[in-house]
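Number of protein chains: 2
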Amino acid sequence: MREEASTQVRLAARPTGTPDARTWQLTQASPPTPGEGQVLVRNEYISVDPAMRGWIGATPTYTSPVEVGDVMRARAAGRVVASRDPSLPEGTSVVGFLGVQSHALARRDQVRVVDASAVPLIYQLSALGAPGMTAYFGLLEVGGCRPGETVVVSAAAGAVGQMVVQIALIMGCRVIGIAGGASKCDFVQRRLGATACIDYKADNVAAQMRAACPYGIDVYFDNVGGDILNDALAQIGLGARIVVCGAVSQYDNLGAVQGPGNYLNLLMQRASLRGMLVGDFEAKFPVAIAAMSRWMAQSRLDCQHHCVDGIENFPDALQQLFAGRNVGKVIVRVR
Amino acid sequence: MREEASTQVRLAARPTGTPDARTWQLTQASPPTPGEGQVLVRNEYISVDPAMRGWIGATPTYTSPVEVGDVMRARAAGRVVASRDPSLPEGTSVVGFLGVQSHALARRDQVRVVDASAVPLIYQLSALGAPGMTAYFGLLEVGGCRPGETVVVSAAAGAVGQMVVQIALIMGCRVIGIAGGASKCDFVQRRLGATACIDYKADNVAAQMRAACPYGIDVYFDNVGGDILNDALAQIGLGARIVVCGAVSQYDNLGAVQGPGNYLNLLMQRASLRGMLVGDFEAKFPVAIAAMSRWMAQSRLDCQHHCVDGIENFPDALQQLFAGRNVGKVIVRVR
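First to last, the sequence lines map onto chains A and B.
Final position of the first sequence in this note's numbering is 336; the numbers increase by one with none missing.
Final position of the second sequence in this note's numbering is 336; the numbers increase by one with none missing.
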């Protein structure tokens, strides 16, 4: 199979605020030729994630920053189009950190082989990928949610949030979503089936939380930080668990993050606030994937994708994500 | 035995800021006579606690507020001087919420009988009382500290802090205290034996923490909140546990508590922040008391008391506590 040209999105300059057009540089080249033990993967789907904001900052976080000039780091799913590893023949579907580019060289230990006949490949970046794993382990293991409990999820129409809502419902919880705008709230309540959804752009969040959680919040799954985290802290119940998964409201503001002034309620309610990174649970991913696949086969779990076509539109896709213009998981579909 | 007169400190008005003389009213009366099933206790020691600030606020916390006009709530230790309960004969030493007063009526289920021959009675309000129990369960159960770990304790010269430092040392931890002023730091390092003590009034706390905890903090036992909690969050290691025991820096400021902006490091370090109230562990107090008594008998554990004489000086004792003028547990000694 002959590949005509390859396209890459590279980090051109570290952004100070929100990443914009100047942050990125589009380059083209002939597709590389795999060396011994390598394969060439043609990416079909590229995952656009809030964590990318941290990866392009100057300070190392839980992983090293992307260097200026390098291809932007991203999870991607694609197929092997040239192989010099007999264990990964041409046509094999794989996922891994393959970057924001049309083609990637990879070795066996850099990719995970997936069965694209059972579930469409795009789900490997959503329900069966990092967002799904984050929701599963964050809610069930870090949050320890139990049937009947009240679970509150921020960014409930987002990639992780939509999975948390559905898994919590499957667990038999009362689930209150928080999202911005009527159409997202409609998605969360009607499509996902949440007990209620608070529109943080329209409602008084604190008052709505009080109304929706008369016995207090048992698990708060936080994707946003800021005022909403603080409002949730005011409404936690005895022994509540707050899962800190992200803080998308603060990512452009990392020098002066807003701390939750209501944290002392953790003391009153003997509650905890715990950070998580999904990579720590990698050894248990197969357990989660089996459960999630079963729920999908039973039509109890699905995943909404917000697709943007063309690698050259990755910068725009990322801006849509940070502006909250997506419903569901943002994916760049490679043409 | 005939008691001449009894003295009470009552809540005269809820303070808006720091409690002062106007907050309190001193009253005198004849000692009450116990009814059937009651005893009259003459208090010898009254515990002065940071939590009192919450008890006299208008908003219910984990317990109901003290009402204006009522005797101020306090833990106290004393002896039965008149009894109409055969299980509590005259001379029995007891502790309980007996109030800031010279004499208290109590029933059997309101006091705990203690052996004042083994350990001086005052220790029932410190090492073997709430501060000791808070330190034991906060450090060992909530904090889960393990030998060799780095433990950081704020208000290390205070009632709870001095116990945390000593228990952590007994556990084989590296222990870094934080305290205000050279004499407190001297007490923490020389008398208690801490590995190091940071003077938050003199040192750059963040820089000193970095220097003292090169591999990161494993357990941070927080009594103060504010900037010091935030500095500790910046220095936590992988899987760190932060125990929220109090926030003395914020108690005059409960309407606008300073939230820890560095809380997102919980995510990077997969760490947790958990609130505790010592009362939740009451069923296990005997285990802790046995361990602490053994350590005291072995001279591995002691407790410093900061005594103020006379019930009428309770308001001053409380002010000394909030101004941080005490080294060790603040106790009002009844004359």
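C-beta atoms are modelled at their ideal positions from N, C-alpha and C, and glycine is treated no differently.
Those residues of the segment 216–230 of chain B placed with their C-beta closer than 9 Å to a C-beta in chain A are 226, 230, ordered along the chain. Look at residue 273(B): its C-beta is under 8 Å from a C-beta on chain A. Cβ proximity to chain A below 8 Å picks out 62, 63 from the segment 48–72 of chain B.
Per DSSP, residue 211(B) lies in no beta strand (DSSP E) segment; the continuous alpha helix (DSSP H) that holds it begins and ends at 206–213. In this structure, the straight-line span from the alpha carbon of residue 126(A) to that of residue 213(A) is close to 32 Å. DSSP places residue 218(A) in the strand class (E or B) of the three-state scheme. Nearest to residue 139(B) by alpha-carbon distance, out of 148(B), 194(B), 162(B), is 162(B). In this structure residue 12(B) is buried. Its beta-carbon is surrounded by 16 or more other beta-carbon atoms within 10 angstroms. Any Cβ of chain A closer than 8 Å to the Cβ of residue 264(B) would place that residue at the interface, and such an atom is present.
Using a CB distance cut-off of 8 Å, residue 268(B) counts as an interface residue toward chain A. Secondary-structure assignment with DSSP links residue 11(A) through a beta bridge to 26(A), 72(A). The straight-line gap separating the alpha-carbon atoms of residue 19(B) and residue 320(B) is approximately 8 Å. Of all C-beta pairs linking the segment 184–199 of chain B to the segment 248–266 of chain B, fewer than three are shorter than 8 Å, placing the two stretches out of contact.
Taking one beta carbon from each stretch, the segment 199–207 of chain A and the segment 128–146 of chain A have fewer than 3 pairs nearer than 8 Å; the two do not touch. In this structure, DSSP gives residue 37(A) a state outside helix and strand, which the three-state scheme calls coil. Under a criterion of Cβ atoms nearer than 7 Å, the residues of chain B adjacent to residue 281(A) are, in order, 271.
When the beta-carbon positions are compared, residue 143(A) and residue 115(A) stay at least 8 Å from each other.
Going by DSSP, residue 135(A) is part of the alpha helix (DSSP H) stretching over 131–138. For residue 108(B) against residue 80(B), the beta-carbon gap comes to about 16 Å, at or over 8 Å, which does not count as contact. If you check the CB distance, residue 303(A) and residue 309(A) do not come in under 8 Å. Any Cβ of chain B closer than 8 Å to the Cβ of residue 235(A) would place that residue at the interface, and such an atom is absent. Cα atoms of residue 181(B) and residue 160(B): separation of roughly 14 Å, rounded to the nearest angstrom. Taking C-alpha positions only, residue 73(A) is separated from residue 305(A) by approximately 24 Å. Contact check between the segment 322–333 of chain A and the segment 45–63 of chain A: three or more CB pairs, one atom from each, fall below 8 Å, which counts as touching. In this structure, 165(A) is the residue among 192(A), 165(A), 205(A), 194(A) with its C-alpha nearest to the C-alpha of residue 221(A). At a cut-off of 8 Å, the C-beta of residue 261(B) has a neighbouring C-beta in chain A. By the neighbour-count criterion, in which 16 or more other beta carbons inside 10 Å mark a residue as buried, residue 71(A) falls on the exposed side. Taking the CA atoms as reference points, residue 218(B) sits about 39 Å from residue 327(A). Beyond the five residues adjoining it in sequence on each side, residue 270(A) comes within less than 8 Å, by CB distance, of 217, 237, 238, 239, 240, 241 in the same chain, given in chain order.
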